[in-house]
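In our numbering, the protein residues as written are 1 to 216.
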């Protein structure tokens, strides 16, 4: 089995997925890069297989892997998440209006989509920070407004408001649910959109400013 990383053939100990991934990861890391795509004979390798790679020989004739600069990868992911969060305001307002009109099933259907976007945004921040070794409690950003903000407290603020959202649904506290959607999460959408784009810009531009000279 041929094993290729960014078009260059690698030498591997065996024809297993585990061996190929280990060799490719080491080669990518040597150049400050990470593996972002794996294909076997032109078809994507399932995520479950990548999470627990087998030591058994593969049936594929060729394994192709693509690497990327981790900062660029994280920055793009954060910007995409920022765009998605900015668009949440409409969905959250629609869900709040549905609650106020007594259309609970419609509200909950929209709410499921809203929570999916928030989860993806949260993952983009947490996983991106883990990949780059960034301490979110120390990372400070300059927002589009010119204000400075530390990332960690903003993450905690969202967690608290999403916790209140879930409590309201569980307790069928529709007034609290409507208020959280219409006001609390609307504010978070604006704040997170700015934070995600600022974080993406800062990461793309170079080392995160964990200890800036100027506070705010």
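Backbone N, C-alpha and C fix where the C-beta goes; we use that ideal spot for every residue, glycine too.
(message) Measuring CB atoms only, is the segment 29–46 touching the segment 153–165, in the sense that at least three cross pairs come out at less than 8 Å?
(response) no
(request) For residue 101, count neighbouring C-beta atoms within 10 Å of its own C-beta (all shown protein chains included) and say buried if the count is 16 or more, exposed if not. (result) Translated into positions along the chain shown, residue 101 becomes position 101. So residue 101 counts as exposed.
(request) Decide if residue 36 is buried, meaning its Cβ has at least 16 other Cβ atoms within 10 Å, or exposed. (result) Locating residue 36 in the chain shown gives position 36, counting from the first residue. When all chains shown are included, residue 36 counts as exposed.
(message) Between the segment 124–135 and the segment 91–100, can you find at least three pairs of beta-carbon atoms closer than 8 Å?
(response) no
(message) If contact is defined by three or more beta carbon pairs under 8 Å, each pair taking one atom from either stretch, is the segment 80–92 in contact with the segment 167–178?
(response) no
(request) For the segment 185–201 and the segment 46–64, state whether three or more C-beta atom pairs, one from each stretch, are separated by less than 8 Å. (result) Note that the segment 185–201 does not touch the segment 46–64; fewer than 3 beta-carbon pairs, one per stretch, sit closer than 8 Å.
(request) Pull up the distance between the alpha-carbon of residue 202 and that of residue 66, whole angstroms please. (result) One-based indexing of the chain shown puts residue 202 at position 202. One-based indexing of the chain shown puts residue 66 at position 66. So the alpha carbons of these two residues sit roughly 25 Å apart.
(message) Taking only three categories from DSSP, how would you classify residue 59?
(response) In the chain shown, counting from the first residue as 1, residue 59 sits at position 59. Residue 59 falls in the coil class under three-state DSSP.
(request) Tell me, to the nearest whole angstrom, how far the beta carbon of residue 12 is from that of residue 20; I am working on the premise that it is less than 8 Å. (result) Here residue 12 is taken as the residue at index 12 of the chain shown, counted from 1. Here residue 20 is taken as the residue at index 20 of the chain shown, counted from 1. The distance from the Cβ of residue 12 to that of residue 20 is about 5 Å, consistent with a contact at the 8 Å cut-off.
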